[in-house]
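Numbering (my numbering), first residue to last: 11 to 103.
Down below is the structure, laid out as structure tokens.
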């Protein structure tokens, strides 16, 4: 069964991306990520379509209760917005 999870668009050299991954692991939350380090054109397109100019670009995917409803992709934003979304104050996690 597919559960709610997070989707991250990252860039390997980005410390905020690594902090977001670390935070989700610490919170035992399910997530997947795509490292766009080797695909700068796709990353730029993703930034344009999301309206978010930096990485990470984070979405929460909420699965319908009976799998008959489509999943909802809720745009979170970047690392700071993820911390707010999860109720985390201060530093990296």
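Just so it is clear, CB atoms sit at the ideal spot from N, CA and C, and this is done for glycine as well.
Just so we're clear, the structure is a prediction, and the values are computed from it rather than from any experiment.
Quiz item: Relative to the alpha-carbon of residue 66, which residue among 44, 15, 96 has its alpha-carbon at the smallest distance?
Solution: 44
Quiz item: Under a Cβ-count criterion, where at least 16 other Cβ atoms within 10 Å of its own Cβ denotes burial, should residue 49 be classed as buried or exposed?
Solution: exposed
Practice problem: Enumerate, from N- to C-terminal direction, the unbroken beta strand (DSSP E) stretches of 3 or more residues contained entirely within the region 11–65. | Solution: 15–20, 41–45
Exercise. Using the DSSP secondary-structure output, state which residues sit across from residue 85 in a beta bridge.
Key: 69
Quiz item: Excluding the five sequence neighbours on either side, which residues of its own chain have a C-beta within less than 7 Å of the C-beta of residue 60, listed in chain order?
Solution: 67, 85
Quiz item: For residue 7, does the three-state DSSP call read helix, strand or coil?
Solution: Because the chain is modelled from 11 through 103, residue 7 falls outside the range shown and cannot be assessed.
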